[in-house]
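Trainee:
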Amino acid sequence: MTKMNKKTALLASVAAMMMANGALAADLAPAAPAPTAEEAIAAASPWMLRVRGLGVITNDSGSVDGVPGAGLSYSDTVIPELDITYFFTPNFAAELILGTTYAKINGEGVLAGTPVGKTWLLPPTLTLQYHFTDFGAFKPYIGAGVNYSLFYNQSEQPGFSNLDVKNKLGAAVQVGFDYMLDEHWGVNFDVKKIFLKTDWTAELGGTPISGKAKLDPWLIGAGITYRF
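Here's what the structure looks like:
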């Protein structure tokens, strides 16, 4: 019985030493490294929303067929804008931009001071973006894509009738940045250029007229970012 007790005590001592050594090794093991910015982005939801206030600044250029020296100009506006972004990877994303605005059309050149009409414009724009991820909370991006401009609810000034600005497919480029305040919320600044030159027709005193309208607007916006 004495030999059995000694063996039991010895085994218990060995087991206790092994457990203590294991605990010490666990304490001495290096802590897991904190995730990098790229890993944190990759672990986040691929969806992002932005709400912006947007200034629409048009290029005042256009023509009236058969009227030398005639041109067109368009009013600038400030509108709200919503965009939805989906990240395929931490660097590559697609952004759908939604908003609507209007433009007052006025004659220029030999038609200076002649108001023509007004049209509303819905220009959904889809861009493919590259996001830079090496600057911490500051996240710049560039993008390029397509725009399809839909003109609706068109109206004419006295003397003009049947104003029709044609829908048009065009190109778009953009540059901007998000500054993330935490993993979800941030602020955004964005500049887009839409290349938009379309045809228009109307009647002036019953006589058909037509021409080109080159709006080529700059879209300059600032707002709030939310990453799901």
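Heads up: the sequence shown begins at 3 in this note's numbering, then just goes up one per residue.
We treat Cβ as the ideally placed atom computed from N, Cα and C, and that holds for glycine.
1. For Ile43, which three-state DSSP category applies?
2. For Gly73 and Phe90, what's the separation of their Cα atoms in angstroms?
3. Return the chain-ordered list of same chain residues with a C-beta closer than 7 Å to the C-beta of Tyr104, the five sequence neighbours on each side being excluded.
4. Starting from Thr200 and walking both ways along the beta strand (DSSP E), at which residues does that stretch end?
5. Could you pull the start and end residues of the beta strand (DSSP E) that Val80 belongs to?
6. Return the chain-ordered list of same chain residues with a C-beta closer than 8 Å to the C-beta of Ala31, the five sequence neighbours on each side being excluded.
7. Can you give the Cα-Cα distance for Leu217 and Asn164, rounded to whole angstroms?
8. In the structure shown, what three-state DSSP assignment does Pro142 receive?
9. Just list the beta strand (DSSP E) runs in the stretch 98 to 175, keeping only unbroken ones of 3 residues or longer that don't cross its boundaries, in chain order.
10. Using beta-carbon positions only, say whether His186 and Phe230 come within less than 9 Å of one another.
11. Quick check: the Cα distance between Pro160 and Ile107, rounded to an integer number of angstroms?
12. Over what stretch of residues does the beta strand (DSSP E) that includes Thr209 continue unbroken?
13. To which residues of the same chain is Thr102 closer than 6 Å at the C-beta, ignoring the five residues directly before and after it?
14. If contact is defined by three or more beta carbon pairs under 8 Å, each pair taking one atom from either stretch, is the stretch 177 to 186 in contact with the stretch 150 to 159?
15. Please report the Cβ distance between Leu100 and Pro126, rounded to the nearest whole angstrom; I am assuming they are in contact, meaning their Cβ atoms lie under 8 Å.
16. Among Tyr88, Gly111, Arg52 and Tyr154, which residue has its Cα nearest to the Cα of Trp202?
Mentor: Well, looking at it:
1. Within the sequence shown, the letter at position 41 stands for residue 43. Bear in mind that a pLDDT of 49 at Ile43, under 50, signals an unreliable position, so the number given afterwards is only what the model happens to contain. For Ile43, the secondary structure class from DSSP, reduced to helix, strand or coil, is helix.
2. Numbered from 1 along the sequence shown, position 71 holds the residue referred to as residue 73. Numbered from 1 along the sequence shown, position 88 holds the residue referred to as residue 90. Straight through space, the alpha carbons of Phe90 and Gly73 are spaced by roughly 44 Å.
3. Here residue 104 refers to the residue found at position 102 of the sequence shown. Closer than 7 Å at Cβ, skipping near neighbours: Thr79, Lys120, Thr121, Trp122 and Leu123.
4. One-based indexing of the sequence shown puts residue 200 at position 198. Element bounds for Thr200: Lys199 to Leu206.
5. Counted from its first residue, the sequence shown places residue 80 at position 78. Segment Thr79 to Phe89, the beta strand (DSSP E) holding Val80.
6. Position 29 of the sequence shown, counting from 1, holds the residue named residue 31. Here the model assigns Ala31 a pLDDT of 49, short of 50, so the residue's position is not dependable, and the following value carries that caveat. Non-local beta-carbon contacts of Ala31 in its own chain, meaning distances under 8 Å to residues more than five positions away in sequence, are absent.
7. In the sequence shown, the residue the question calls residue 217 occupies position 215. In the sequence shown, the residue the question calls residue 164 occupies position 162. Leu217 and Asn164 have their C-alpha atoms spaced approximately 20 Å apart.
8. As a working mapping, residue 142 is identified with position 140 in the sequence shown. Three-state result, Pro142: strand.
9. The beta strand (DSSP E) runs of length 3 or more contained entirely in the stretch 98 to 175 are, from start to end of the chain, 103 to 111, 117 to 124, 127 to 133, 140 to 158 and 162 to 167.
10. Sequence index remark: in the sequence shown, residue 186 carries index 184 (1-based). Sequence index remark: in the sequence shown, residue 230 carries index 228 (1-based). Yes.
11. Against the sequence shown, residue 160 aligns to sequence position 158. Against the sequence shown, residue 107 aligns to sequence position 105. Going by the C-alpha atoms only, they are around 13 Å apart.
12. Position 207 of the sequence shown, counting from 1, holds the residue named residue 209. It spans Thr209 to Lys216 - the beta strand (DSSP E) in which Thr209 sits, taken as one unbroken run.
13. Residue mapping note: residue 102 aligns to position 100 of the sequence shown, counting from 1. For Thr102, same chain residues with a beta-carbon under 6 Å away, outside a window of 5 residues either side, are Leu124 in chain order.
14. With a cut-off of 8 Å, the stretch 177 to 186 and the stretch 150 to 159 do not count as touching, because too few Cβ pairs lie within range.
15. Translated into the one-based positions of the sequence shown, residue 100 becomes position 98. Translated into the one-based positions of the sequence shown, residue 126 becomes position 124. Sure, about 6 Å apart at Cβ, within 8 Å.
16. Position 200 of the sequence shown, counted from the first residue, corresponds to residue 202. By alpha-carbon distance to Trp202, the top candidate from Tyr88, Gly111, Arg52 and Tyr154 is Tyr154.
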